[in-house]
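Participant: Position in the sequence shown (first residue = 1) + 235 = the working numbering.
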Amino acid sequence: MPLDFLKGIYNLLQSVANCKYFNGRHIPPHFPRFYCSASREFLGCLSLQLQRLLRKRAGARGTGEGEVEQIGEGFGDERSSVSLLDQHQQLKEKAEARKESAKEKQLEEEKKILESVAEGKALMSVKEMAKGITYDRPIKTSWRPPQAVLAMGEARHIRVRKKWHILVEGEDLPPPIKSFREMKFPPAILKGLKRKGIEQPTPIQIQGLPTVLSGRDMIGIAFTGSGKTLVFALPLVMFCLEQEKRLPFLRNEGPYGLIICPSRELARQTHSILEYYSSCLVEDGLPQLRTVLCIGGMSVRDQLDAVRRGVHMAVATPGRLMDLLQKKLLALDVCRYLALDEADRMVDMGFEEDIRTIFSFFKGQRQTLLFSATMPKKIQNFARSALVLPVTINVGRAGAANLDVIQEVEYVKEEAKMVYLLECLQKTAPPVLVFAEKKAEVDAIHEYLLLKGVEAVAIHGGKDQDDRVRAVEAFRGGHRDVLVATDVASKGLDFPNIQHVVNYDMPEEIENYVHRIGRTGRSGKTGVATTFINKSCDESVLMDLKALLQEAGQQLPPVLHILQPGDAALLELEGERGCTFCGGLGHRITDCPKLEALQTKQVSNIGRKDYLAHSAMDF
Numbered sequence: 236m237p238l239d240f241l242k243g244i245y246n247l248l249q250s251v252a253n254c255k256y257f258n259g260r261h262i263p264p265h266f267p268r269f270y271c272s273a274s275r276e277f278l279g280c281l282s283l284q285l286q287r288l289l290r291k292r293a294g295a296r297g298t299g300e301g302e303v304e305q306i307g308e309g310f311g312d313e314r315s316s317v318s319l320l321d322q323h324q325q326l327k328e329k330a331e332a333r334k335e336s337a338k339e340k341q342l343e344e345e346k347k348i349l350e351s352v353a354e355g356k357a358l359m360s361v362k363e364m365a366k367g368i369t370y371d372r373p374i375k376t377s378w379r380p381p382q383a384v385l386a387m388g389e390a391r392h393i394r395v396r397k398k399w400h401i402l403v404e405g406e407d408l409p410p411p412i413k414s415f416r417e418m419k420f421p422p423a424i425l426k427g428l429k430r431k432g433i434e435q436p437t438p439i440q441i442q443g444l445p446t447v448l449s450g451r452d453m454i455g456i457a458f459t460g461s462g463k464t465l466v467f468a469l470p471l472v473m474f475c476l477e478q479e480k481r482l483p484f485l486r487n488e489g490p491y492g493l494i495i496c497p498s499r500e501l502a503r504q505t506h507s508i509l510e511y512y513s514s515c516l517v518e519d520g521l522p523q524l525r526t527v528l529c530i531g532g533m534s535v536r537d538q539l540d541a542v543r544r545g546v547h548m549a550v551a552t553p554g555r556l557m558d559l560l561q562k563k564l565l566a567l568d569v570c571r572y573l574a575l576d577e578a579d580r581m582v583d584m585g586f587e588e589d590i591r592t593i594f595s596f597f598k599g600q601r602q603t604l605l606f607s608a609t610m611p612k613k614i615q616n617f618a619r620s621a622l623v624l625p626v627t628i629n630v631g632r633a634g635a636a637n638l639d640v641i642q643e644v645e646y647v648k649e650e651a652k653m654v655y656l657l658e659c660l661q662k663t664a665p666p667v668l669v670f671a672e673k674k675a676e677v678d679a680i681h682e683y684l685l686l687k688g689v690e691a692v693a694i695h696g697g698k699d700q701d702d703r704v705r706a707v708e709a710f711r712g713g714h715r716d717v718l719v720a721t722d723v724a725s726k727g728l729d730f731p732n733i734q735h736v737v738n739y740d741m742p743e744e745i746e747n748y749v750h751r752i753g754r755t756g757r758s759g760k761t762g763v764a765t766t767f768i769n770k771s772c773d774e775s776v777l778m779d780l781k782a783l784l785q786e787a788g789q790q791l792p793p794v795l796h797i798l799q800p801g802d803a804a805l806l807e808l809e810g811e812r813g814c815t816f817c818g819g820l821g822h823r824i825t826d827c828p829k830l831e832a833l834q835t836k837q838v839s840n841i842g843r844k845d846y847l848a849h850s851a852m853d854f
């Protein structure tokens with residue numbers, strides 16, 4: 236007989252024996268008839284025998300004496316006059332108190348962990364830190380909100396934010412504006428937007444564009460496909476146009492604005508957007524704005540020729556940008572605008588020094604913008620050290636999945652995945668994106684699809700830049716039906732009319748999953764994301780996936796139904812749910828696999844790295 240069952244019987248008998256109504260005349264109606272003839276002495280004796288049996292069982296199982304003594308706690312002689320209902324209430328209060336103390340202990344432990352992984356140095360240039368330079372006011376711009384919007388009052392602004400689910404933090408917040416015309420964009424830009432089918436701003440644009448046009452530093456968080464790129468691209472075009480009209484850029488001058496992207500493909504896409512809106516200005520008789528693309532895999536000579544002519548805007552990846560800056564082939568003397576797209580990747584562990592190095596080439600204050608769909612608390616706190624009176628704009632939870640994506644999770648054995656992939660491709664019409672974690676798997680899938688007659692192309696970090704460009708252009712132009720890729724294609728890339736994304740394997744981090752499925756369901760359209768899982772998947776990532784599906788109201792597969800968190804009560808504390816380090820919803824920071832892997836890596840690197848030779852050369 237289970238020990239817990241015996242404990243329950245013992246506590247019940249003690250309750251009955253101590254009940255003040257049990258005196259032979261006032262029998263509760265739900266008690267059996269044989270209790271009427273029983274005496275308190277008999278029940279006390281019976282409960283004593285049961286307690287001895289419990290002690291014997293507990294000793295056999297290694298349970299301490301304190302646990303056995305606690306079995307009948309509260310049912311002794313001193314409480315013989317307390318009703319069963321009161322006893323139940325007291326026990327419930329004790330249990331709640333124990334639960335509260337566990338929560339407090341958990342919060343205290345998490346606070347210590349977060350402090351230990353927080354960066355000691357602020358995200359600013361070495362020169363600024365050395366001289367103690369701090370900026371306490373944002374950059375001033377000539378843009379002002381329309382008087383008609385300001386006259387509507389703060390109550391109207393709160394209603395608009397509430398209607399569009401816009402969460403804003405910061406001081407002296409700019410008002411949300413619901414049309415591009417009221418934002419004072421010139422007719423050329425409005426025509427360009429209309430040509431692209433963009434009539435009204437999205438929620439992140441309603442609050443984000445006025446914030447950036449006002450010169451404020453900003454952290455922008457919104458789900459994939461919500462139009463974050465225009466929030467930093469359009470204001471940059473307007474600022475550069477204003478500078479060019481005031482005083483034209485000379486040779487070797489510029490850039491005024493810099494956009495940094497984590498991948499070459501995303502940088503190329505952002506560059507094409509800036510080029511498009513610059514061409515719209517030229518069509519209307521306004522000055523030409525020049526843009527340079529600084530990424531690896533391209534000729535440095537072509538990039539330098541563009542810089543020598545004088546550039547207004549630069550789009551770059553961190554590696555090529557640092558190379559040009561350190562060789563003094565590019566200068567940021569007049570740069571006053573910096574945007575980090577997919578900022579969580581660039582400010583994440585391992586990238587801080589690169590960003591600081593880039594910051595050290597700025598000669599004055601800059602307007603800094605950070606954007607991403609996934610930005611955990613740890614990254615937000617660290618990024619704020621680089622910003623001046625920042626405005627944080629959040630449309631939906633950071634790291635939440637796009638609600639326009641139908642997420643389907645299927646259990647597929649490892650050896651059956653390749654064959655089942657062909658079936659999945661039949662769910663929707665092309666184009667279809669297939670993601671895999673490893674380069675070798677991408678090549679294997681690509682080869683298999685070609686053998687089966689599927690028009691497919693593939694990209695990953697191991698391919699030449701020319702091959703990557705041709706593959707993306709062929710897929711984007713509709714000449715190929717399927718693109719197979721690693722996560723290099725998951726960050727920020729916008730492919731038109733993608734109806735289906737297939738995750739050939741579950742990524743190691745849940746934020747990569749969010750970025751992957753975000754390639755479909757963009758601009759208000761509905762898409763489908765199919766994910767293959769099996770027993771090789773890490774359980775903590777599956778817990779995060781389960782929580783993400785539940786949050787989005789998606790159907791759970793049976794294999795995820797049986798997964799249960801260690802303590803569901805502790806997954807949400809003080810209004811914060813999940814892990815503050817990686818953003819996963821299925822665990823807290825105390826059980827974060829990403830943090831554990833990072834700490835293991837740091838320990839293994841102790842004594843190996845030559846910190847004095849970080850930027851040295853071998854002679």
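Glycine included, every Cβ here is placed at the ideal spot set by N, Cα and C.
Remember, it's a predicted structure, so these values are computed and weren't measured experimentally.
Given GLY696, which residues of its chain have a CB within under 6 Å of its CB, disregarding the five upstream and five downstream residues?
Facilitator: Taking the first residue of the sequence shown as 1, we reach residue 696 at position 461. Closer than 6 Å at the Cβ level, and outside the excluded window around GLY696, lie VAL723.
Participant: Mind checking whether the beta-carbon of TYR683 lies closer than 7 Å to any heavy atom of the ligand GDP?
Facilitator: Questions concerning the ligand GDP fall outside what the structure shown contains, since it holds no ligand whatsoever.
Participant: Pull up the DSSP beta-bridge partners for GLU645, would you.
Facilitator: Here residue 645 is taken as the residue at index 410 of the sequence shown, counted from 1. In DSSP, GLU645 forms a bridge with PHE767.
Participant: Do the segment 391-407 and the segment 618-626 touch if we need at least three Cβ pairs shorter than 8 Å?
Facilitator: yes
Participant: Going by the CB atoms, is the gap between LEU448 and LEU521 shorter than 8 Å?
Facilitator: Taking the sequence shown and counting its residues from 1, the one referred to as residue 521 is at position 286. Taking the sequence shown and counting its residues from 1, the one referred to as residue 448 is at position 213. Contact: no.
Participant: Of the residues ALA578, PHE596, LYS648 and ALA636, which one's Cα is nearest the Cα of ASN616?
Facilitator: For the purposes of this step, residue 616 is taken as residue 381 along the sequence shown, with counting starting at 1. Per the Cα distances, ALA578.
Participant: Please report the distance separating the alpha-carbon of MET557 from that of ALA693.
Facilitator: Here residue 557 corresponds to residue number 322 of the sequence shown, with the count starting at 1. Here residue 693 corresponds to residue number 458 of the sequence shown, with the count starting at 1. Straight-line Cα distance between these residues: approximately 29 Å.
Participant: Compute the Euclidean distance between the alpha carbons of TYR270 and LYS329, then round it to the nearest angstrom.
Facilitator: Walking along the sequence shown from the start, residue 270 turns up at place 35. Walking along the sequence shown from the start, residue 329 turns up at place 94. The pLDDT assigned to TYR270 is 46, lower than 50, so where the model puts this residue is not dependable, and the model offers no usable value.
Participant: Between THR835 and GLN785, what straight-line distance do the alpha-carbon atoms span, to the nearest angstrom?
Facilitator: Position 600 of the sequence shown holds residue 835. Position 550 of the sequence shown holds residue 785. The straight-line gap from Cα to Cα measures roughly 31 Å.
Participant: Throw me the rounded Cβ distance for the VAL667 and VAL717 pair, which I believe falls under 8 Å.
Facilitator: By one-based count along the sequence shown, residue 667 stands at place 432. By one-based count along the sequence shown, residue 717 stands at place 482. VAL667 to VAL717, Cβ: 5 Å. Contact.
Participant: Would you say GLY545 and ARG486 are within 8 Å of each other, going by their C-beta atoms?
Facilitator: One-based indexing of the sequence shown puts residue 545 at position 310. One-based indexing of the sequence shown puts residue 486 at position 251. Going by C-beta atoms, GLY545 is nearer than 8 Å to ARG486.
Participant: Quick check on this structure: which residue in GLU672, ALA386 and SER607 has the alpha carbon closest to the alpha carbon of LEU501?
Facilitator: Position 266 of the sequence shown, counted from the first residue, corresponds to residue 501. The shortest C-alpha separation from LEU501 is found at SER607.
Participant: Alpha carbon to alpha carbon, what distance is there between ILE454 and SER595?
Facilitator: For the purposes of this step, residue 595 is taken as residue 360 along the sequence shown, with counting starting at 1. For the purposes of this step, residue 454 is taken as residue 219 along the sequence shown, with counting starting at 1. Each residue's CA atom was taken as its position, placing SER595 and ILE454 some 21 Å apart.
Participant: What residues in its chain sit with their C-beta under 6 Å from that of SER771, if we drop five residues either side in the sequence?
Facilitator: Translated into positions along the sequence shown, residue 771 becomes position 536. The answer is none, since no qualifying residue turns up.
Participant: What are the uninterrupted segments assigned as beta strand (DSSP E) that are 3 or more residues long and contained completely in the segment 693-770, given in chain order?
Facilitator: Taken in chain order, the complete beta strand (DSSP E) segments of 3 or more residues contained in the segment 693-770 are 717-720, 735-738 and 762-768.
Participant: Quick one: measure Cβ to Cβ for VAL737 and ILE752, integer angstroms, because I've assumed they're closer than 8 Å.
Facilitator: Here residue 737 is taken as the residue at index 502 of the sequence shown, counted from 1. Here residue 752 is taken as the residue at index 517 of the sequence shown, counted from 1. Not a contact, Cβ separation roughly 10 Å.
Participant: So, are the CB atoms of ARG499 and ILE530 less than 8 Å apart?
Facilitator: Working through the sequence shown from its first residue, we reach residue 499 at position 264. Working through the sequence shown from its first residue, we reach residue 530 at position 295. Yes.
Participant: Which term fits ASP321, buried or exposed, when burial requires 16 or more other beta carbons within 10 angstroms of its beta carbon?
Facilitator: As a first step, residue 321 must be located in the sequence shown, where it is residue number 86. So ASP321 ends up on the exposed side.
Participant: Using a threshold of 8 Å, state whether the C-beta atoms of VAL384 and GLN442 are closer than that.
Facilitator: The sequence position of residue 384 within the sequence shown is 149, counting from 1. The sequence position of residue 442 within the sequence shown is 207, counting from 1. Their beta carbons are not under 8 Å apart, which means VAL384 does not touch GLN442 by this criterion.
Participant: What are the start and end residues of the alpha helix (DSSP H) that includes CYS659?
Facilitator: Position 424 of the sequence shown, counted from the first residue, corresponds to residue 659. Counting along the chain, the alpha helix (DSSP H) containing CYS659 begins and ends at 652-659.
Participant: Under the assumption that ILE393 contacts ILE628 (Cβ atoms under 8 Å), give the Cβ distance between them as a whole number of angstroms.
Facilitator: Within the sequence shown, numbered from 1, the residue matching residue 393 stands at position 158. Within the sequence shown, numbered from 1, the residue matching residue 628 stands at position 393. Between ILE628 and ILE393 the Cβ distance is about 14 Å, and since that is not below 8 Å, they are no contact.
Participant: Have a look at PHE467, VAL719 and PRO490 and flag the residue whose alpha-carbon is nearest the alpha-carbon of ASP568.
Facilitator: In the sequence shown, residue 568 corresponds to position 333, counting from 1. Of the candidates PHE467, VAL719 and PRO490, the one whose C-alpha sits nearest the C-alpha of ASP568 is PRO490.
Participant: Tell me whether ASN487 sits in a helix, a strand or coil according to DSSP, three-state version.
Facilitator: Here the question's residue 487 lines up with position 252 in the sequence shown. In the structure shown, ASN487 sits in coil (DSSP, three-state: anything other than H, G, I, E or B).
Participant: If you draw a straight line from the C-alpha of LEU425 to the C-alpha of ALA549, how long is it?
Facilitator: Your numbering for residue 425 matches position 190 in the sequence shown. Your numbering for residue 549 matches position 314 in the sequence shown. Between LEU425 and ALA549, the C-alpha separation is close to 23 Å.
Participant: Assuming the contact rule is C-beta atoms closer than 8 Å, GLY432 and CYS515 should be a hit. Round their C-beta distance to whole Å, please.
Facilitator: As a position in the sequence shown, residue 432 is number 197, starting the count at 1. As a position in the sequence shown, residue 515 is number 280, starting the count at 1. That pair is no contact at about 14 Å.
Participant: Where GLY759 and PRO497 are concerned, what is the direct C-alpha to C-alpha distance, given to the nearest angstrom?
Facilitator: The residue labelled residue 759 in the question sits at position 524 within the sequence shown. The residue labelled residue 497 in the question sits at position 262 within the sequence shown. Near 25 Å, if we compare the C-alpha coordinates of PRO497 and GLY759.
Participant: CB-CB under 7 Å to GLU193, same chain, minus the five flanking residues each way: which ones, in chain order?
Facilitator: Here the chain covers residues 236 to 854 and nothing more, so residue 193 does not appear.
Participant: Per the DSSP calculation, GLY455 is bridged to which residue(s)?
Facilitator: To locate residue 455, count along the sequence shown from 1; it is residue 220. For GLY455, which the question treats as bridged, DSSP gives the partners PHE606 and ILE628.
Participant: Please check the pair VAL506 and LEU528, which I expect to be a contact at CB under 8 Å, by giving their CB distance rounded to whole angstroms.
Facilitator: For the purposes of this step, residue 506 is taken as the residue at position 271 of the sequence shown. For the purposes of this step, residue 528 is taken as the residue at position 293 of the sequence shown. Correcting the residue type first, residue 506 is His in the shown sequence and not Val. In this structure, HIS506 and LEU528 form a Cβ contact; the two beta carbons are roughly 4 Å apart against a cut-off of 8 Å.
Participant: Identify whether MET548 lies in helix, strand or coil by the three-state DSSP scheme.
Facilitator: In the sequence shown, the residue the question calls residue 548 occupies position 313. It is a strand residue.
Participant: Under the three-state reduction of DSSP, which class applies to ILE262: helix, strand or coil?
Facilitator: Walking along the sequence shown from the start, residue 262 turns up at place 27. Because ILE262 carries a pLDDT of 48, less than 50, the predicted location of this residue cannot be relied on, and the following value inherits that uncertainty. Reduced to three states, the DSSP call for ILE262 is coil.
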